[in-house]
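Undergrad:
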Amino acid sequence: MEIELNIHRNTLVIRLSGELDHHVAKQVRLMIERTLPGRNIKNLIFDFSDLTFMDSSGIGMIIGRYKLMKSIGGNVALVCKNLQLKRLVEMSGLTKLITMYTDVNHAISEVTTA
Amino acid sequence: MKPENKMTLSFLSKSSNEAFARAAVAAFVAQLDPTLEEINDIKTAVSEAVTNAIVHGYGSSDGIVTIIGLLFDDHSIKVSISDTGKGIKDIEKARQPLYSDSEDIDRAGMGFTVMEAFMDTVNIISDVGEGTTVELIKTLQKHYN
Chain D
381 MEIELNIHRN TLVIRLSGEL DHHVAKQVRL MIERTLPGRN IKNLIFDFSD LTFMDSSGIG
441 MIIGRYKLMK SIGGNVALVC KNLQLKRLVE MSGLTKLITM YTDVNHAISE VTTA
Chain P
11 MKPENKMTLS FLSKSSNEAF ARAAVAAFVA QLDPTLEEIN DIKTAVSEAV TNAIVHGYGS
71 SDGIVTIIGL LFDDHSIKVS ISDTGKGIKD IEKARQPLYS DSEDIDRAGM GFTVMEAFMD
131 TVNIISDVGE GTTVELIKTL QKHYN
């Protein structure tokens, strides 16, 4: 599992590769919590382009961060290509809350505000 | 029905073992030549059950999670995931989507919903104070080459 964080203006892009389960979700949450303070970040993009596996812990982690960003007037988006991941995301009803993209640059240009 | 093959796996209830557990079950089931989708379904369901055992069964205490995998002649599999943790008070409630008794706000409460969607049958056997066993059953497609 690799976790890569990049900031584009007020958007934090979290790029994960490998497998996202309960164990990894705890680490990702901690990294986001350490990165957010003092940076005026309003939006999060979870870039799951290189994720090979996810269970419902990933869904829980996204919903938790969605509540957090909404509370400060921000937004959360998801980039996802893998069919198994898409199936889980659609099953969870997460797509009612957040927009799913297939390209990270498209997501960044849509989500990031001045 | 008598199983054609069997494996037993026991490990400490550490979250770092979740990846190992689902990979081990996937490697065992690979003998039946499953499709990529079937392997993903099984890995996901096992991951949910193992996470439940660690998070809900044992919580902050340490315990042993035991997995028994059975392969049958008719291309069906049965994977049992057991803990000797606190058990489930109300199984029907635990099965409901979005229900979670965890204080962790990041638990989506989707574990059993995902298991039921990805497997043919999910049995839950639980006694308060004794522990929980989740049985995951699925018949795989047969390939004729």
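Chains as they are written, first to last, in my numbering: chain D, 381 to 494; chain P, 11 to 155. Cβ atoms here follow ideal geometry from the backbone N, Cα and C, with glycine treated the same way.
Give the DSSP-derived three-state secondary structure of residue 17/P in the structure shown.
TA: To locate residue 17/P, count along the second sequence from 1; it is residue 7. Residue state, collapsed to three classes: strand.
Undergrad: Give me the chain D residues within the contact set of residue 88/P, using Cβ-Cβ distance strictly less than 8 Å, ordered along the chain.
TA: Within the second sequence, residue 88/P is the residue found at index 78, counting from 1. The premise fails here: residue 88/P is roughly 20 Å from chain D at the closest Cβ pair, so nothing lies under 8 Å.
Undergrad: If you measure beta-carbon to beta-carbon, which residues of the segment 31-63 of chain P are closer than 7 Å to chain D?
TA: Listed by position, the residues of the segment 31-63 of chain P near chain D (Cβ gap below 7 Å) are 50, 53, 54, 57, 58 and 61.
Undergrad: Determine the chain P residues that contact residue 409/D at a beta-carbon separation under 8 Å, and present them in chain order.
TA: Here residue 409/D is taken as the residue at index 29 of the first sequence, counted from 1. Residues of chain P passing the Cβ test: 116.
Undergrad: At 3 residues or longer, and completely inside the segment 463-493 of chain D: list those beta strand (DSSP E) runs for me, N to C.
TA: The segment 463-493 of chain D contains these whole beta strand (DSSP E) runs: 479-481.
Undergrad: In three-state DSSP terms, what is residue 427/D?
TA: As a working mapping, residue 427/D is identified with position 47 in the first sequence. In this structure, residue 427/D counts as strand in the three-state DSSP scheme.
Undergrad: Could you tell me whether the Cβ atoms of residue 384/D and residue 398/D are closer together than 8 Å?
TA: As a first step, residue 384/D is located in the first sequence; it is residue number 4 there, counting from the start. As a first step, residue 398/D is located in the first sequence; it is residue number 18 there, counting from the start. No, the pair does not count as a contact, with Cβ atoms beyond the cut-off.
Undergrad: Need the endpoints of the alpha helix (DSSP H) that residue 51/P sits in, please.
TA: Here residue 51/P refers to the residue found at position 41 of the second sequence. Here the alpha helix (DSSP H) through residue 51/P covers 46-62.
Undergrad: Unbroken beta strand (DSSP E) runs of length 3 or more, entirely within the segment 68-139 of chain P: which are they?
TA: If we require 3 residues or more, the beta strand (DSSP E) runs fully inside the segment 68-139 of chain P come out as 74-81, 86-93 and 131-137.
Undergrad: With a cut-off of 8 Å, do at least 3 Cβ pairs link the segment 36-44 of chain P to the segment 74-93 of chain P?
TA: Taking 8 Å as the limit for Cβ pairs, the verdict is that the segment 74-93 of chain P does touch the segment 36-44 of chain P.
Undergrad: Distance check for residue 12/P and residue 337/D, CA to CA, integer angstroms please.
TA: Here chain D covers residues 381 to 494 and nothing more, so residue 337/D does not appear.
Undergrad: Buried or exposed for residue 148/P, please, with buried defined as at least 16 other CB atoms from any protein chain shown within 10 angstroms of its CB.
TA: As a working note, residue 148/P is residue 138 in the second sequence. So residue 148/P ends up on the buried side.
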